[in-house]
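Numbering (this note's numbering), first residue to last: 19 to 130.
We put the CB at the ideal spot given by N, CA and C, even for glycine.
In this text the structure is predicted, and so the values were computed from the model without any measurement.
For reference, the structure is listed below as structure tokens.
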């Protein structure tokens, strides 16, 4: 039973390493998206303020502003989610540090 867990643990560690790389890239993308959306929101807001109330361009600028707010919000939520995933990954690492010595001890007893 223990050798089975050792094999699975190694696979889990490889998956964890790959997941960490993906998480880092997603976080970078989310940060860039959030910054772009915030700038688009500011720009469209400034444009909308300078246009007459009944102008079609003003309505379009307001739509862009609202969409940009939503995109920035979604990017922020994505970043928060990533941080939660990182917390879980840290918890798994802590568990690994507790479990591995126990497995090693059991394996040594079996070999003896």
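When the Cα atoms are used, residue 57 and residue 81 turn out to be separated by approximately 14 angstroms. Close CB contacts of residue 48 within its chain, under the 6 angstroms cut and outside five residues either way in sequence, are with 93, 96, 97 (chain order). Contact check between the segment 68 to 76 and the segment 39 to 55: fewer than three CB pairs, one atom from each, fall below 8 angstroms, which does not count as touching. Proximity to residue 104 across 26, 28, 32, 40 peaks at 40, based on C-alpha coordinates.
Contact between residue 87 and residue 59 holds: CB atoms are separated by about 5 angstroms, below the 8 angstroms threshold. Bounds of the alpha helix (DSSP H) holding residue 119 are 74 to 129.
With contacts defined as CB atoms closer than 8 angstroms, residue 34 and residue 100 fail to qualify as a contacting pair.
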